[in-house]
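Residue numbers (this note's numbering): 166 to 253.
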């Protein structure tokens with residue numbers, strides 16, 4: 166994404182959803198279920214937010230729904246936008 170490219174129309178809805186969780190990691194499944202969107206719509210907008218420095222991503226270990234071993238869940242949260250006092 167270039168610096169001049171605008172965010173999609175879904176991005177603000179995702180920002181509000183992430184803001185509701187106050188810095189906690191949120192699974193992508195919870196985001197798209199709550200917003201009534203599909204996985205692709207949410208993931209593309211989340212990638213835009215990550216490129217813009219608004220959100221960050223991590224992979225968290227989780228048990229498989231079928232019980233056949235471990236898997237990972239992709240989780241997102243808003244980045245800490247406040248500058249550190251140590252840098253002031």
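Using N, Cα and C, we set each Cβ at its ideal position, and we do this for glycine too.
Burial state of residue i, where buried means 16 or more other Cβ atoms lie within 10 Å
i           : result
residue 241 : buried
residue 189 : exposed
Euclidean distance between Cα positions of residue i and residue j
i           : j           : result
residue 224 : residue 171 : 27 angstroms
residue 208 : residue 184 : 17 angstroms
residue 195 : residue 206 : 13 angstroms
Three-state class that DSSP yields for residue i in the structure shown
i           : result
residue 186 : coil
residue 198 : helix
residue 217 : coil
Cβ-Cβ distance between residue i and residue j below 9 angstroms
i           : j           : result
residue 238 : residue 193 : yes
residue 221 : residue 243 : yes
Closest Cα partner of residue i within the set the options
i           : options          : result
residue 261 : 227, 178 and 236 : In the structure as shown, the chain begins at 166 and stops at 253. Residue 261 is therefore absent and cannot be evaluated.
Residue i beta carbon near the ligand SAH (any heavy atom closer than 8 angstroms)
i           : result
residue 177 : In the structure on display, the ligand SAH does not appear, and there are no ligands present to speak of.
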